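Participant:
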Amino acid sequence: MLGTSAAAISLQLTTTTAGNQISGGTGTGYAQVSSIVSSGETRTITAAVTGVPTGTSLSVTTTPPSGGNSGGVLGTGSSNASLVNGASAVTLVTGIGSCYTGAASTDGYTLDYTWSSALGSYGSIVASAGATATVVLTITNIP
Amino acid sequence: MGSRNKISASILLFIFGFILSGSVFAQRRNTAKMNLTCNIPAIALVDFASSDLRTVTYNSSLLDPNQVEQLVSDGATDGTTWINYSSIVRNGTTNYITAEVSSGELPGDMTLNLYVSPDNGEGAGSKGTACGQMVLTSYPQIIISNIGSCFTGRGLNRGHHLRYEWRSIDNENVIEKPHGNIVSVTYTISSTE
C-alpha cells in the first residue's frame, strides 16, 4: 500500500539579480508504504508527472527511510530521476520486499524535488502563480 | 432441493463478489498523488557592468531594481559598459528598456549619442532588439525592445554593449576633447502590460 500527505509542495523559480537565470525550485515530499511480498517477489515505486510548466524541468531524488518507525526490506532509491510531462513512468525505488515505513506525514521514502529553468526553452517560460504539477506514484509487483 | 441449490449459488456469487471487490480496493491504494504548486513570478531587472571607472559611475537603488543610472562625462567615452537584464514575462506581454538624460544639462552646441549593440549571445531566452544608435534627450526613449523571458548573464561581455559619443550639434564631428559637461543617464526596464 502506498500513501502521501495531502498537502501540496510549494516550488518557486525566481532571481533578484539582473542578468541571472531564475532558480531555486526545491521541495520535499514523503511516501508511506506497507508491503508484504511472496517468496522471491519484490516491488518497485515508479512516478509519472503532468503539468510541469513550459520551459522548465523537474527531477527527483528518492531515499528510503532509516528512522525508528520503519523496518524490513525497504529497497534502493535513486538520484535525479527526470520527470517529463506525459512520459512513461520512471523507476524511483527498486527491491522493496516486506516492509513498513511508519504512517506519519514525514515518515516514509523522502522525495527531494528539483525544479529548474531549461536553457534550451527559456524563452517559452511564462510568469504564473499556483500552477499545479501532479506526480502519480505507483507501487508495482515484480514476481 | 432446487431452492437449496439456488441458495448455495447465491451464497457462492456473494462470496465471489466480495473477494473481487476486496482485491479492487487493494489495487486502488497502490497509487498515490503528490501535488506540486509551481510559481514563477514576473520579473524585470536591469544593471550595468563597466570596466571604465574614469568616466562612468553607476548606482542602482534597492528600491528600484528596474532602474539604474550612469554618469557620463566629457571626452570620448568608449569605456566598456554592458547592460545586463533578467526578464520573465506574462503571456502576451514583453519588457523594454528606455534611456533618458536624468540630470545635468545638455550643452546647446552638442548632442550625446548612445550606441547600443545587439545582445552578445550569452545567457538564454528571448533577448531584446537593440536600437543601434540614439540621440539622448531628457525624455525616455526605447533603446531595447521586445524583451521576452530571458537572462543575459551578468558582468562584462554579457548583454548589450553601450557606447557614448559627444558630437557637434550638426552631428558632423565627434568631440573628443574634454569640455566639462557631465550628465546622468537613467535606464529603466518596464513592461508593456
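Protein chains in written order, with this note's numbering: chain A, 20 to 162; chain B, 3 to 195.
Positions of the beta carbon are idealized from the N, C-alpha and C atoms, including for glycine.
None of these values were measured; they are calculated from a predicted model.
1. Comparing alpha-carbon positions, which option in B:107, B:153, B:128 and B:100 lies nearest residue 116 of chain B?
2. Which ranges would you report for the beta strand (DSSP E) in the segment 62–149 of chain B if only whole runs of at least 3 residues count?
3. According to DSSP, is residue 164 of chain A part of a helix, a strand, or is it coil?
4. At a Cβ threshold of 8 Å, is residue 123 of chain B touching chain A?
5. Would you kindly work out how many angstroms separate the C-alpha atoms of residue 128 of chain B and residue 134 of chain A, rounded to a whole number?
6. Please say whether residue 49 of chain B and residue 37 of chain A have beta carbons closer to each other than 8 Å?
7. Is the beta carbon of residue 88 of chain B sitting closer than 8 Å to the one on residue 45 of chain B?
8. Is residue 138 of chain A buried or exposed, if buried means 16 or more other CB atoms sit within 10 Å of its CB?
9. With 8 Å as the C-beta to C-beta threshold (strictly closer), list the residues of the segment 28–57 of chain A near chain B in chain order.
10. Report the neighbours of residue 142 of chain A on chain B: residues whose CB is nearer than 8 Å to its CB, in chain order.
11. Kindly list, in the order they appear in chain B, the residues whose Cβ is closer than 7 Å to that of residue 22 of chain A.
12. Can you tell me whether DSSP reads residue 138 of chain A as helix, strand or coil?
13. Residue 79 of chain A: buried (16+ other C-beta within 10 angstroms of its C-beta) or exposed?
14. If you reduce the DSSP assignment to three classes, tell me which class residue 53 of chain B lands in.
15. Could you tell me the alpha carbon to alpha carbon distance between residue 146 of chain A and residue 191 of chain B, rounded to whole angstroms?
16. Is the CB of residue 103 of chain A under 8 Å away from at least one CB in chain B?
17. Closer than 8 Å, Cβ to Cβ, to anything on chain A: give me those residues from the segment 89–116 of chain B, in chain order.
18. Would you mind listing the beta strand (DSSP E) stretches within the segment 55–126 of chain A that are 3+ residues and don't spill past its ends, in chain order?
19. Taking 8 Å as the CB-CB limit, is residue 128 of chain A close to chain B?
20. Does any C-beta atom of chain B lie closer than 8 Å to the C-beta of residue 83 of chain A?
21. I'd like to know if residue 138 of chain A contacts chain B, where contact means its C-beta is closer than 8 Å to some C-beta of that chain.
22. Could you tell me the boundaries of the beta strand (DSSP E) in which residue 167 of chain B lies?
23. Rounding to the nearest angstrom, what Cα-Cα distance links residue 109 of chain B and residue 40 of chain B in this structure?
24. Cβ of residue 110 of chain A within 8 Å of Cβ of residue 97 of chain A?
25. Between which two residues does the beta strand (DSSP E) holding residue 32 of chain A run?
26. Starting from residue 41 of chain B, follow the beta strand (DSSP E) in both directions and report where the run begins and ends.
27. DSSP state of residue 143 of chain A, grouped into three classes?
28. Note the first and the last residue of the continuous beta strand (DSSP E) segment covering residue 185 of chain B.
29. My assumption, with CB atoms under 8 Å, is that residue 34 of chain A sits in contact with residue 40 of chain A. Please give the rounded CB distance.
30. Rounded to a whole number of angstroms, what is the C-alpha to C-alpha distance between residue 104 of chain A and residue 72 of chain A?
31. Tell me which same chain residues have a C-beta within less than 8 Å of the C-beta of residue 132 of chain B, skipping the five on either side of it?
32. With the cut-off set at 8 Å, would you say residue 112 of chain A and residue 83 of chain A are in Cβ contact?
Facilitator: The answer reads as follows:
1. B:100
2. 69–74, 79–90, 97–105, 112–118, 134–137 and 143–149
3. Nothing in the structure corresponds to residue 164 of chain A, since chain A is present only between 20 and 162.
4. no
5. 21 Å
6. yes
7. yes
8. exposed
9. 28, 29, 30, 31, 32, 33, 34, 35, 36, 37, 38, 39, 40, 41, 44, 46, 48 and 50
10. 126, 127, 128, 150, 151 and 152
11. 34
12. helix
13. buried
14. coil
15. 17 Å
16. no
17. 90, 91, 92 and 93
18. 61–69, 75–82, 97–102 and 109–115
19. no
20. no
21. yes
22. 162–170
23. 52 Å
24. yes
25. Note, residue 32 of chain A: premise wrong, no beta strand (DSSP E); not H, not E.
26. 33–42
27. helix
28. 185–193
29. 7 Å
30. 9 Å
31. 118, 119, 120, 121, 145, 146 and 162
32. yes
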